[in-house]
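J.: Got a structure here, written out as structure tokens. Questions coming.
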Amino acid sequence: MAKNKKPNKVKARLVRGFNDRSPSDIRATNKMMGQIQEVFELYGFDPIETPFLEYTDALGKFLPDSDRPNEGVFSLQDEDEQWLSLRYDLTAPLARHVAQNFNEITMPYRTYRSGFVFRNEKPGPGRFRQFMQFDADIVGAPGVAADAEMCMMMADTMEALGIKRGDYVIRVNNRKVLDSILQTFHISDEGQKLSVLRALDKLDKFGIADVKLLLGDGRKDESGDFTKGAGLSPLEINYLEQYLSANTLQSQHEVLSTVANALPRKTSDKEGIEGFFESQMYEDSTFSEGESELEELQALVYDNGYEKDRIKIDTTCVRGLEYYTGMVYEAKLLFDVTNEKGQKVQFGSVGGGGRYDGLIKRFTGQAVPATGFSIGVSRLMSALKNLDRLEAQEMPAPIIVCVMDKSRIADYQKMVSELRNAGIRAEMYQGNPKNFGKQLQYADRRGSPAAIIAGSDEFEQGIVQIKDLIVGKEASKNIEDNEQWKSERPGQFECKRDELVAKISELPAIKKWQEKRQAK
RNA sequence: GCCGCCUUAGCUCAGUUGGUUAGAGCGCUAGAAUGUGGAUCUAGAGGUCCCCCGUUCAAUUCGGGGAGGCGGUACCA
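Note that this note's numbering gives residue 511 to position 507 of the first sequence, counting from 1, and the numbers run on in steps of one.
Next comes the structure, spelled out in structure tokens:
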């Protein structure tokens, strides 16, 4: 213990909520994003990219205050003391881009983009401070048809990724409907309104009983922490419960008519409720707008063959965002997954969006209608993993050409080149070649299908040794004795130097991979 | 933010009723075996026992505070 003389070592550690990405994760993600992109392109969307950093004020309502800028976003000051922030989503930067290039952009403007976004908040299981989103938006399209297209595109994307019909659903709702109902409750306080919406949004997570607690006085979670409720009266809660229960109805038609009757009215209410809901909404058209938009969307997608097993009206779909002004929609996965504790859990939402007619106005002063959605790439990835839709299409590790004789490096390099030209991953051992066993060990640990051995003997005879490491690994299970192991050289065979590429190509692992590539 | 649990070797974790050299397995390095992976055997390297303060002759161990990790919940543009 008397050795504090050493300089303090730097601790290797990750910033919390940030992660290194593994080769298999990167490959699987790239593949998945390629599939999403194909669908988006088919729908006529073009890619566009904006930078990670934006001026903080461009991102939204977050303005830096003195020394602790915004919670929630990563911010820093530029040389000129202006506040910059890492983007926290892809929508706000798009709004900035559109506003800035307003004259050049042809509306309706259909674009998609993907990339990392950053949130400075506490990470949780499956939630990180840097994560990837994939967005598509139509700017300058006021009609319901644009929203309908977004929903259909989401549905198509799910299926392109191999998620079967019935394993997902696109849920649609309209904020105008909910807002109107809340207005009849005379809720003027924005905070209370938000807590009501949030409570409704949690129906999936907690169930109706807990949602009612959240709408009323509050709820205690399992760690003993208490969440304050929205403070609605029992009467109002009952009313909302009825509205939410529309989802259990069979036909979309029934759901729509329940929604149509959802607005509390003096006339239609039973005794006791009369007079309580003094609806000033009566003359307000917001509710009926929202309701008929839902009806229109429903008709549009239905006519295109998207029935309720793919796109359905759902009164519990809220999307807690403040900037949505009309339609909201989200892609929800319906299958169960087993979590670390062995419990069955529904996977839930993997992406969502809606209509945001006010975002661009912040820059231009002119209202520009827009609708779009965002896919949570890593969440969707782990969902696909659960579905086994990610065929472990692992790329085979490279062939390792061993270095037996340092003066022959040019020859080894030539073998590598030949293999590469044939489309086979290959590399010459670049470590210290002194210990030959090390080279094979390296090849083994990398999972190489084969190692190539050529020393002076082989060069003299014009041959090379090919060691099939996969076959060898199998054989090793039955060999206990090291002498036998060494002398048998399982999986090893020799061939003429000029047959090298042909023989390697015949190895099962390589052959399979080549065929797969051909198929593409 | 609030609530709960946790922190000892690169990793997973024992352990010390407060006492002199703090352990295991895995991994790593080297050798047995210098042109053959695996298995086996031998040896070695690797520790501020999360940090600070307090109690004590003595703290990795006890007390207080802090930080970090995990989980729940809230927030989530």
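We put the CB at the ideal spot given by N, CA and C, even for glycine. Quick caveat: nothing in here was measured; it's all calculated off a predicted structure.
Put V148 into one of helix, strand or coil per three-state DSSP.
T.: V148 falls in the helix class under three-state DSSP.
J.: Compute every distance between the C-beta of I185 and the non-hydrogen atoms of the ligand HEM, then say whether any falls below 6 Å.
T.: With respect to the ligand HEM, the structure offers nothing, as it holds no ligand at all.
J.: Within 10 Å of its beta-carbon, does Y247 have 16 or more other beta-carbons around it, so buried, or fewer, so exposed?
T.: That one is buried.
J.: Which two residues bound the contiguous beta strand (DSSP E) that contains R114?
T.: Start and end: Y113 to F122.
J.: Would you decide whether V19 is buried or exposed? Buried here means 16 or more other CB atoms lie within 10 Å of its CB.
T.: Under this definition V19 is an exposed residue.
J.: Who are the Cβ neighbours of G380 in its own chain at under 6 Å, not counting the five residues just before and after it?
T.: Same-chain partners within the cutoff: V354 and G355.
J.: With DSSP as the reference, identify every bridge partner of M432, one or two as the case may be.
T.: Paired residues: V405.
J.: Using C-beta distances below 8 Å, list every residue in its chain close to D472, excluding the 5 sequence neighbours before and after it, in chain order.
T.: Answer for D472: P453, A454, G495, Q496, F497 and L511, listed in chain order.
J.: Measure the Cβ-Cβ separation of T54 and P97 and say whether it is below 7 Å.
T.: Closer than 7 Å, so yes.
J.: Could you give the C-beta distance for V263 and V332, rounded to a whole number, given that I count them as a contact under 8 Å?
T.: Contact doesn't hold; Cβ gap of about 14 Å is too wide.
J.: Over the uninterrupted alpha helix (DSSP H) stretch that includes M419, give me the two end residues.
T.: Element bounds for M419: I413 to N425.
J.: Out of I457, N425 and R424, which has the shortest C-alpha to C-alpha gap to F440?
T.: Checking every option, the nearest Cα to that of F440 belongs to I457.
J.: Taking C-alpha atoms, which residue in R450, I428 and K490 lies nearest to E520?
T.: For clarity, residue 520 is Lys in the given sequence; the question names Glu instead. Among R450, I428 and K490, the Cα nearest to that of K520 belongs to I428.
J.: Is it the case that the Cβ atoms of R114 and G21 are separated by a distance below 7 Å?
T.: Not closer than 7 Å, so no.
J.: Just the Cα atoms here: how many angstroms apart are A513 and P400?
T.: Approximately 7 Å between the Cα atoms of the pair.
J.: What does the Cβ neighbour count give for E42, buried or exposed, with the cut at 16 atoms within 10 Å?
T.: Counting Cβ neighbours within 10 Å, E42 comes out exposed, since fewer than 16 surround it.
J.: When burial is assigned at 16 or more other CB atoms within 10 Å of the CB, is H190 buried or exposed?
T.: Exposed: under 16 other Cβ atoms inside 10 Å.
J.: Ordered along the chain, which non-local residues of its own chain (more than five positions away) have a Cβ less than 7 Å from that of A426?
T.: Around A426: V505 and S509.
J.: Note the first and the last residue of the continuous alpha helix (DSSP H) segment covering N178.
T.: Where N178 is concerned, there is no enclosing alpha helix (DSSP H), although the beta strand (DSSP E) it sits in stretches over Y172 to N178.
J.: When DSSP labels each residue in this structure, what does P373 get in the three-state scheme?
T.: P373 falls in the coil class under three-state DSSP.
J.: So M432 and Q417 are in contact, right, with Cβ under 8 Å, and what is the actual spacing, rounded?
T.: With 8 Å as the limit, M432 and Q417 qualify as a contact, their Cβ atoms being about 6 Å apart.
J.: Using the three-state DSSP reduction, which class does P51 fall into: helix, strand or coil?
T.: Three-state DSSP puts P51 in a strand.
J.: State the Cα-Cα distance for the pair S237 and M36, rounded to the nearest angstrom.
T.: C-alpha separation (whole angstroms): 47 Å.
J.: Buried or exposed, going by whether 16 or more other CB atoms sit within 10 Å of the CB of K515?
T.: Result: exposed.
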